[in-house]
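Student:
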Amino acid sequence: MKVRSGLIQMALKGDTNMSPNEITKIMTEAHIPCIEEAGKKGVQVLCMQEVFTQPYFCPSQDAKWYAAVEKIPEGPTTKLMQEYARKYNMVIVVPIYE
Numbered sequence: 001m002k003v004r005s006g007l008i009q010m011a012l013k014g015d016t017n018m019s020p021n022e023i024t025k026i027m028t029e030a031h032i033p034c035i036e037e038a039g040k041k042g043v044q045v046l047c048m049q050e051v052f053t054q055p056y057f058c059p060s061q062d063a064k065w066y067a068a069v070e071k072i073p074e075g076p077t078t079k080l081m082q083e084y085a086r087k088y089n090m091v092i093v094v095p096i097y098e
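Residue numbering for the sequence shown follows the UniProt record's numbering, starting at 1 and increasing by one per position.
Following this line, the structure appears as structure tokens:
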């Protein structure tokens, strides 16, 4: 059995002076065309980069990033990715700050 997989790796859109909520919105919107392309190409398992909705802030331990926390499974990013997973019948690995 073969499984078609994909990976999305993307540079930060915007900058770290923006609020975490603004960055989440921009990064999520930037990933949607890539998710759709993967779905149309028959990808069955799609992986996002670590903390894909934010810059990789983990080493800094700055409290600013606490605003990036989302609940799983009822958070907005999880819900949106569930919709795309259903639409394209794929598994999407969604690493977010929870």
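The beta carbon of each residue, even a glycine, is placed where N, CA and C say it ideally should be.
1) Tell me, please, which residues DSSP counts as bridged to Met-48.
2) Excluding the five sequence neighbours on either side, which residues of its own chain have a C-beta within less than 6 angstroms of the C-beta of Leu-46, listed in chain order?
3) Under the rule that 16 or more other beta-carbon atoms within 10 Å means buried, what is Ile-23, buried or exposed?
4) State the DSSP-derived secondary structure class of Ile-96, mapped to helix, strand or coil.
5) Cβ of Thr-53 within 9 angstroms of Cβ of Thr-77?
6) Can you tell which of Lys-64, Phe-57, Ile-8 has its C-alpha closest to the C-alpha of Val-43?
Tutor: So, from the listed chains and residues:
1) Ile-8
2) Gly-6, Ala-38, Met-90, Ile-92
3) buried
4) coil
5) yes
6) Closest in alpha carbon position to Val-43, among Lys-64, Phe-57, Ile-8, is Ile-8.
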